[in-house]
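Engineer: All residue numbers for the sequence shown refer to this note's numbering, where the first residue is 3 and numbers rise by one.
Idealized CB from N, CA, C, for every residue including glycine.
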Amino acid sequence: MGGSVVTRSRLWLVAALVPTLAWADEPLDWDAINRIRDEGFNRSEVMGTLRTLTDELGPRLTGSPRGQAASRWTKARLAEWSLEEARLEAWGPFGRGWSFSRAAVHMILPRETPLMALPKAWTPGTKKPVRGPVMKVEIESPEELEEYTGKLEGKILLIAEDRQLAAADEAAFQRRTKEELEELRVFSVPGEPSDWQERMRKRWELRRELNEFLVKEKALATVDLSSRDGGTLRLGSGGSREPEESVGVPALAMALEHYNWILRLLEEDGEVELEIDVRAEFHDEDLMAYNTVAEIPGSDLAHEVVMLGGHLDSWHAGTGSNDNAAGCAVMMEAVRIIRALELQPRRTIRIALWTGEEQGLLGSRAYVAEHLASRPAVEDPEQLELPEFLRERTWPVEPKPDHEHFSAYFNLDNGSGKIRGVYAQSNAAVVPIFERWLEPFHDLGAESVVTRDSGGTDHLAFDAVGLPGFQFIQDPLDYSTQTHHSNLDTFDHAVADDLKQASVIVASFVYHAAMRDERLPRKPLPQEPPEKPKKADDEEASD
Ligand SMILES: [Zn+2]
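1. So which of Ala-496, Phe-474, Thr-483, Lys-502 has the shortest CA-CA distance to Ala-170?
2. Run the proximity test for Asp-27: is its beta-carbon closer than 7 Å to any non-hydrogen atom belonging to ligand 1?
3. For the beta strand (DSSP E) holding Leu-111, just list the boundary residues, first then last.
4. Could you check whether the Cβ of Asn-489 sits closer than 7 Å to any heavy atom belonging to ligand 1?
5. Could you name the residues whose beta carbon sits closer than 5 Å to any heavy atom belonging to ligand 1, keeping them in chain order?
6. Can you give, in chain order, each stretch of the alpha helix (DSSP H) that sits fully within the segment 165 to 244 and has at least 4 residues?
7. List the DSSP bridge partners of Ile-421.
8. Can you check which of these residues, Ala-430, Asp-197, Val-225, is closest to Pro-135 by C-alpha distance?
9. Could you give the distance in angstroms between the alpha-carbon of Leu-13 and the alpha-carbon of Asp-31?
10. Determine the DSSP secondary structure at Thr-115, reduced to helix, strand or coil.
11. What residue range is occupied by the uninterrupted alpha helix (DSSP H) comprising Trp-439?
12. Note down, in chain order, each residue of its chain lying with its Cβ closer than 8 Å to the Cβ of Ser-6, except the 5 sequence neighbours on either side.
13. In angstroms, rounded to a whole number, what distance separates the CA positions of Gly-238 and Asp-27?
14. At the level of alpha carbons, what is the spacing between Asp-288 and Gly-241?
15. Relative to the alpha-carbon of Glu-533, which residue among Pro-478, Asp-480, Trp-397 has its alpha-carbon at the smallest distance?
16. Starting from Asp-279, follow its DSSP beta bridges and name the residues at the other end.
17. Measure the alpha-carbon distance for Ser-488 versus Ser-418 and round it to whole angstroms.
18. Does DSSP put Met-49 in a helix, a strand or coil?
19. Within 10 angstroms of the Cβ of Arg-236, are there 16 or more other Cβ atoms? Answer buried if so, exposed if not.
20. Taking the straight line between their C-alpha atoms, what separation do you get for Leu-374 and Gln-176?
21. Where does Gly-320 sit, in a helix, a strand or coil, going by DSSP?
22. Buried or exposed for Lys-502, going by 16 or more other Cβ atoms inside 10 Å?
23. Mapping the DSSP letters down to three states, classify Arg-266 as helix, strand or coil.
24. Looking at C-alpha atoms only, which residue of Pro-61, Gly-457, Glu-449 is the closest neighbour of Ala-504?
25. Which of the three DSSP states is assigned to Leu-254 in this structure?
26. What would DSSP say about Ala-34, mapped onto helix, strand or coil?
27. Where do the N-terminal and C-terminal ends of the alpha helix (DSSP H) with Thr-386 fall, by residue?
28. Please state if the CB of Met-309 and the CB of Val-508 are separated by a distance shorter than 8 Å.
29. Which same chain residues end up closer than 7 Å to Leu-23 when comparing Cβ atoms and leaving out the 5 residues on each side of it in sequence?
30. Quick check on the burial criterion: 16 or more other C-beta atoms within 10 angstroms. Buried or exposed for Leu-355?
31. Under the criterion of a Cβ to heavy atom distance below 7 Å, does Arg-393 qualify as lining ligand 2?
32. With a CB to CB cut of under 7 Å and the five nearest residues on each side skipped, what residues in its chain are close to Glu-211?
33. Taking a contact to mean a Cβ-Cβ separation below 8 Å, would you say Gly-471 touches Val-452 in this structure?
34. With C-beta atoms as the reference, is Leu-80 less than 8 Å away from Ala-253?
35. Can you tell me which of His-495, Asp-491, Ser-456, Ser-409 puts its alpha carbon nearest to the alpha carbon of Pro-192?
36. Kindly say whether Val-424, judged by its beta-carbon, lies nearer than 8 Å to any beta-carbon of chain B.
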């Protein structure tokens, strides 16, 4: 017994020394950490916030009346929690708002039965139930439109190929294993940028021409295939939110099981007739969108800022619970905790709940351009034709005065899973700092700091202008298997203990970032990528 005590105390000594040597002078405020854990675990309001954002306010499509109401509610709630200067910052114009209140699709022939389908955002309703025969079309490029001239009137068009139901060999609900977290530590040297933008531009051009063509040809509606199996409806937008553009004809996405069935009936030369009843509305009163912003003022370093946030906007099929009411509820809870405990940060802590994220990080980019760093105006007329998210970046990055006073931005937007660590976003200098800040939360499963980048959400708006912007590593739960952008993204899929854990860790991270002597270290300011080398001509290639 005595022997084991000695062994244990020696182990303790080694364990205590290692992190101290790694980052000896990164202070942890253990008293604040205890109080944050107590408030966040025992008096949490995170699920109440989530419930209001989803059951009561959601879905929150940017520019829709519900989206606008959610922005106003978050501002009022943050003010109630005694955050200061709670405000809505307008950006845009974003374009038209859109909402829908009814969607019923039935097969009429060969037999009557209800079908699972929902309208794509920014597409028109049917005004009254409409019926028509179904026709399969293949339109991959604007050149293929011509062969359909005069053939589409009164038809309901199936626009996607069939897709085989994927084998359900993946667990629907997942937590990251130790091995997966270990694999995330591997950093790959960045390769060539992808041609994603080029592909998106082609799709956008086709959609614009198709919308006009289908209206001219008097097609009744289009039906696409849901991008998720298992009766789940996962869909985004069609139509257009530009006031001057055609919104096309009613456009829906249908569950795979029903879509493939109709295709099989058509293949057997069967006659298929559908009835579609969609009520949808465009809202043109206000083309601007709004970010919610509020702050906890700092003390001696009040002119410097630590930011946290997530996107408040969602898609329309569910109530946008995991994407991303969960992230917003956690970020709101983190500042509530700091305020409730009357912790006084040295730097100003500013929360922002973005809109327009789902359409290309538009709200966070507009915020960064307005306050932190701009880029030269786009002048190329061809580029100006494109929607903002498809335009090429202009150079150089032009920092504004507040760029200098900015410490870091922390984002949460990968569902309602608990925090397992943080992506350092290629910023090697923050790794030992974040490792130290995670030490008090190893017991909650949060241990990993990895240098690799995380993409796809609002921290990229900051990263793009050389400011430290981070996204946490989260357990995926059912985010990628079921809820992401689907009709299943509702309150029931959120996990309360995970959201409490995340709130506590974010509160501690933000507080420590606001208290340290220095701003967080940065990467170099991004520079224009070198022009792609021209292919060597024959002469040079010959030696
Ligand atoms: Zn999201």
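Structural biologist: Quick answer:
1. Thr-483
2. no
3. 99 to 111
4. no
5. Asp-325, Asn-326, Asp-415
6. 180 to 185, 198 to 218
7. Gln-476
8. Val-225
9. With a pLDDT of only 49 at Leu-13, under 50, the local geometry of the prediction cannot be trusted, and no value is derived from it.
10. strand
11. Run containing Trp-439: 433 to 440, per the alpha helix (DSSP H) assignment.
12. Any reading at Ser-6 needs caution, since the residue's pLDDT is 41, under 50, leaving its predicted position unreliable; the model's value is listed next. Within the same chain, Ser-6 has no close Cβ partners at all.
13. 48 Å
14. 19 Å
15. Nearest to Glu-533 by alpha-carbon distance, out of Pro-478, Asp-480, Trp-397, is Trp-397.
16. According to DSSP, which records beta bridges pairwise, Asp-279 is partnered with Ala-106.
17. 15 Å
18. The three-state reading of DSSP puts Met-49 in helix, counting H, G and I together.
19. buried
20. Rounded to the nearest angstrom, the two C-alpha atoms are 38 Å apart.
21. coil
22. buried
23. helix
24. Ranking Pro-61, Gly-457, Glu-449 by Cα distance to Ala-504 puts Glu-449 first.
25. Annotated three-state conformation of Leu-254 is strand, per DSSP.
26. Ala-34: helix per DSSP, three-state reduction.
27. Rather than Thr, the amino acid found at residue 386 in this sequence is Leu. Looking at the DSSP string, the run of the alpha helix (DSSP H) that includes Leu-386 is 383 to 387.
28. no
29. Residue confidence is low: Leu-23 scores 45 on pLDDT, short of 50, so the model does not pin down where it sits. Its coordinate-derived value is still stated next. Here Leu-23 has no same chain residue with a Cβ atom under 7 Å from its own Cβ, once five neighbours each way along the sequence are excluded.
30. buried
31. Of the ligands one can find in the structure shown, namely ligand 1, none is ligand 2.
32. Pro-144, Leu-147
33. no
34. no
35. Ser-456
36. The chain inventory of the structure shown lacks chain B, comprising one protein chain alone.
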